[in-house]
Amino acid sequence: MAATRMRSTACQFLHLPLELQLRVLEQLGGPDLCAVEASCRDLRRLVSSNGYLYQHALAEEFGPSIAARASTTDWKALYVQAFVQARLDILEKQRCVYNSLKVRLEELDGLLEQADDVKEHLGAPELLMGDSMVLTIVSSMEQDVLQLRWDASEDLLVAEAKVEQLQSELQDLLSRVPGCWRAASLQVAAACCTIA
């Protein structure tokens with residue numbers, strides 16, 4: 001039922017004048033162009049015979065400088081590479097956040113160990129004779145560090161989940177890249193970061 005409805009919609013669209021069809025397609029982004037192209041053979045022919053549609057989508061979504069630097073006229077392949085590269089960049093930034101949070105946790109753990117060492121030294125009976133202001137300060141600082149560690153560990157868990165989600169989305173994206181562009185997309189992926 002849905003396939004029949006989609007075919008009839010595509011047929012109605014294809015009965016419009018060519019200028020109007022192209023005007024509508026110019027308003028679509030790259031992912032939508034791919035979806036339209038995949039919907040039927042006639043739309044695939046229409047989109048692929050007008051490569052400037054992907055050139056326009058590339059310039060709109062990734063900036064005119066990418067389109068201007070292009071040494072190829074295969075705009076769809078270039079769009080797919082830019083799309084994959086953008087997702088890889090997002091993943092790499094999230095990995096940097098994750099790694100910096102791991103380093104921060106290690107630093108806070110080091111501070112907690114130092115606080116334990118100070119408390120151990122101050123806990124000697126000869127040092128506890130009077131009111132130990134240093135022990136009070138160390139205990140207060142330790143509480144602050146514990147709170148910071150708690151916050152950082154929560155942020156780390158969120159960052160880890162986000163990295164896993166982005167990796168999954170990227171692997172899904174790469175699995176949907178058409179075979180003729182898969183090699184180029186995987187080269188972009190391999191040059192940027194390891195997907196694991």
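Reading the sequence shown from the start, the letters are residues 1 to 196 in UniProt numbering. C-beta atoms are modelled at their ideal positions from N, C-alpha and C, and glycine is treated no differently. Bear in mind that the values here come from a model prediction, so they are computed numbers and not experimental data.
Within its own chain, the residues whose Cβ lies closer than 8 Å to the Cβ of serine 48, once the five positions on either side in sequence are excluded, are Glu37, Lys76, listed in chain order. Taking valine 145 as reference, the option from Leu14, Ala161, Asp109 with the minimal CA-CA separation is Asp109. When secondary structure is reduced to three states using DSSP, asparagine 50 falls in the coil class, being assigned neither helix nor strand.
The Cβ-Cβ distance between glutamine 85 and valine 163 does not fall below 8 Å. For valine 24, the enclosing alpha helix (DSSP H) covers residues 18–26.
When the alpha-carbon of tryptophan 150 is set against those of Arg104, Arg87, Asp117, the nearest one is in Arg104. Setting aside the 5 residues that flank it on each side, leucine 101 is surrounded in the same chain by Ala152, Asp155, Leu156, Ala159, each with a C-beta closer than 7 Å to its C-beta; the list follows chain order.
Valine 24 sits exposed, since fewer than 16 C-beta atoms from the chains shown fall within 10 Å of its C-beta. In the three-state reduction of the DSSP assignment, histidine 15 falls in the coil class.
In this structure, the CA atom of glutamine 27 is about 48 Å from the CA atom of leucine 148.
At a Cβ-Cβ threshold of 8 Å, arginine 87 and leucine 170 count as neighbours. Burial is judged here by how many other beta carbons sit within 10 angstroms of a residue's own beta carbon; histidine 121 has fewer than 16 and is exposed. Looking at the backbone, the Cα of cysteine 96 and that of aspartate 117 are separated by about 32 Å. Counting of Cβ neighbours within 10 angstroms places tyrosine 52 among the exposed residues, the total staying below 16. In the assembly as shown, leucine 18 is an exposed residue. Its beta-carbon has fewer than 16 other beta-carbons within 10 Å. The criterion of a C-beta distance shorter than 8 Å is satisfied by leucine 58 and tyrosine 79. With respect to asparagine 50, leucine 22 sits close: the two C-beta atoms are nearer than 8 Å.
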